[in-house]
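Below you'll find the structure, written out as structure tokens, and then a few comments.
Protein chains: 2
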Amino acid sequence: MEHFTQQVDFILELDRLKAVYRKTTVRDDNNRHENSAEHSWHIALLAQVLSEYAEHDIDLNRVVTMLLIHDIVEIDAGDMFAFAQQQDHEIQEQKELAAAERIFGLLPETQKAIYLSLWLEFEQATSHDAQFAKAIDRVLPVFQNMNNQGGSWLKHGVTKTQVIKRNEYMKTSGPKLWQYVLEQIDIATQKGWLKDE
Amino acid sequence: MEHFTQQVDFILELDRLKAVYRKTTVRDDNNRHENSAEHSWHIALLAQVLSEYAEHDIDLNRVVTMLLIHDIVEIDAGDMFAFAQQQDHEIQEQKELAAAERIFGLLPETQKAIYLSLWLEFEQATSHDAQFAKAIDRVLPVFQNMNNQGGSWLKHGVTKTQVIKRNEYMKTSGPKLWQYVLEQIDIATQKGWLKDE
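These protein sequence lines are chains R and D, in that order.
Taken in order, the first sequence gives residues 9 to 205; the numbers are from this note's numbering.
Taken in order, the second sequence gives residues 9 to 205; the numbers are from this note's numbering.
Below, the structure written as structure tokens:
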């Protein structure tokens, strides 16, 4: 029974990811901020829909699970804006590691080990699965901001160079998508949605 | 290129599910209403965490995909409260079928066919995969309402009989979970969170 109680505790804890808000906004809901739970749902489907563009053989089911769990650590660590300072990213990494230990640690030992290992693989981007998952996670805001007159890019003065750097996983893991992303970045820069510096 | 544009259009359309609100509320976010996108994320993980309780052999990846897509039709049809009148459910079914045709129809033909077929399988609950997916979809509000002093049950005067009927897929697809759900329903009734009639 303890085994099952642990599983229920984990599931209830997940509810809190619905209260972690990102910089991107939901155009069709009065531009309220998007939360990390609904974002995770969106990218899980994005990975499925765009899987044909993966350059390497990937296990799509592992990719989907990585994407479903990758933001859970934000329950403790909060969401960090993608274009924050490098130093802040390093502090964030420590917080997220502790969060992963605590939150996946709510589960029975075997499940904890599986999720923690998958989460680390994503973070460290050490496999083709993780690299494609990261590329997918990062490309969604490109679609969203292009569809929303510049969205969070414009609001926070993001530069073309930052978005290119942020999406570089795609260059090797999904080169056909990369071409498209570069074109979108050019359009966004021409429109003044991204700073050209 | 049209193939890819169709895929992007579908992905952008999905954003609208984040604006479809359910009766359940998010306890840790000032009890605001939960939307169907974040709900779909939550149950996809619930299915993974509780997969050991499936009575029959299931393909967990199909179950997860069913759960990720099953609510997309609400973009057009809206969310219907689980305990609405039978007549309303029948009208809703027609709306949802039209919505599935339109929304999955944004995708290239092959992908449309795959998703539409999976969505229908879930709706009709004709396979073990779909039956377990339905059981998972329906059990999450039990956890949420128990964790939230009766939540949407109490607010909308839901009866014990209604919740038992709503969760009956679990009796055959996850009998061990069914026992737990029955216990929770008894507790909720004693506490006055569910009407006993």
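Just so you know, even glycine gets a beta-carbon here, dropped at the ideal spot from N, CA and C.
This one's a predicted model, so the numbers in the text were calculated from it and none came from an experiment.
Sheet register partners of residue i (DSSP bridge)
i: T180/D; result: DSSP lists no partner for T180/D.
i: T33/D; result: H41/D
CB contact flag (residue i, residue j, <9 Å)
i: I83/D; j: Y123/D; result: no
i: A62/R; j: H136/R; result: yes
i: A45/D; j: H50/R; result: yes
i: A143/D; j: Y177/D; result: yes
i: V81/R; j: I111/R; result: yes
i: F18/D; j: I66/D; result: no
i: H43/D; j: L54/D; result: Position check: residue 43/D holds Asn in this sequence, whereas His was assumed. Not closer than 9 Å, so no.
i: A27/D; j: D37/R; result: yes
i: K199/D; j: G158/D; result: yes
i: N39/D; j: N153/D; result: no
i: H11/D; j: R30/D; result: no
i: A85/R; j: A106/R; result: yes
i: K173/R; j: A196/R; result: no
i: S181/R; j: H97/R; result: no
i: E131/R; j: E109/R; result: no
Residues that residue i contacts on chain D, provided the C-beta gap is smaller than 7 Å
i: I46/R; result: Going by the sequence as given, residue 46/R is Glu instead of Ile. The contacting residues are K26, N43, A45, E46 and W49.
i: F151/R; result: V16, I19 and L20
i: L58/R; result: Q15
Coil, strand or helix - residue i by DSSP
i: T167/D; result: strand
i: K26/R; result: helix
i: K199/R; result: coil
i: Q93/D; result: coil
i: Q157/R; result: coil
i: H64/D; result: coil
i: E131/D; result: helix
i: P116/D; result: coil
i: I80/D; result: coil
i: L58/R; result: coil
i: M74/D; result: helix
i: D87/R; result: coil
i: D204/D; result: coil
i: N69/D; result: helix
Chain-ordered neighbours of residue i on chain R, where CB pairs are closer than 8 Å
i: D36/D; result: D23, R24, K26 and A27
Integer Cβ distance of residue i from residue j, believed to fall under 8 Å
i: Q15/R; j: L68/D; result: Going by Cβ atoms, the distance from Q15/R to L68/D rounds to 15 Å, so no, they are not a contact pair.
i: D145/R; j: L202/R; result: About 19 Å; that fails the 8 Å criterion.
i: L185/D; j: V147/D; result: 6 Å
i: D23/R; j: R35/D; result: 7 Å
i: L114/D; j: E21/D; result: 6 Å
i: V171/R; j: I193/R; result: 6 Å
i: T33/D; j: P149/D; result: Not confirmed; about 11 Å, so no contact.
Within chain R, partners of residue i - CB distance below 9 Å
i: V72/D; result: A52, N69, V72, T73 and L76
Per-residue contacts from residue i into chain D (C-beta, under 8 Å)
i: Y188/R; result: F12
i: Q132/R; result: Ordered by position in chain D, no residue passes the 8 Å Cβ test against Q132/R, which lies about 22 Å from the chain.
i: Q119/R; result: V57
Under 7 Å from the C-beta of residue i: neighbouring residues of chain R
i: N155/D; result: L20
Closer than 9 Å to chain C by CB, residue i
i: L148/R; result: Among the protein chains of the structure shown, namely R and D, there is no chain C.
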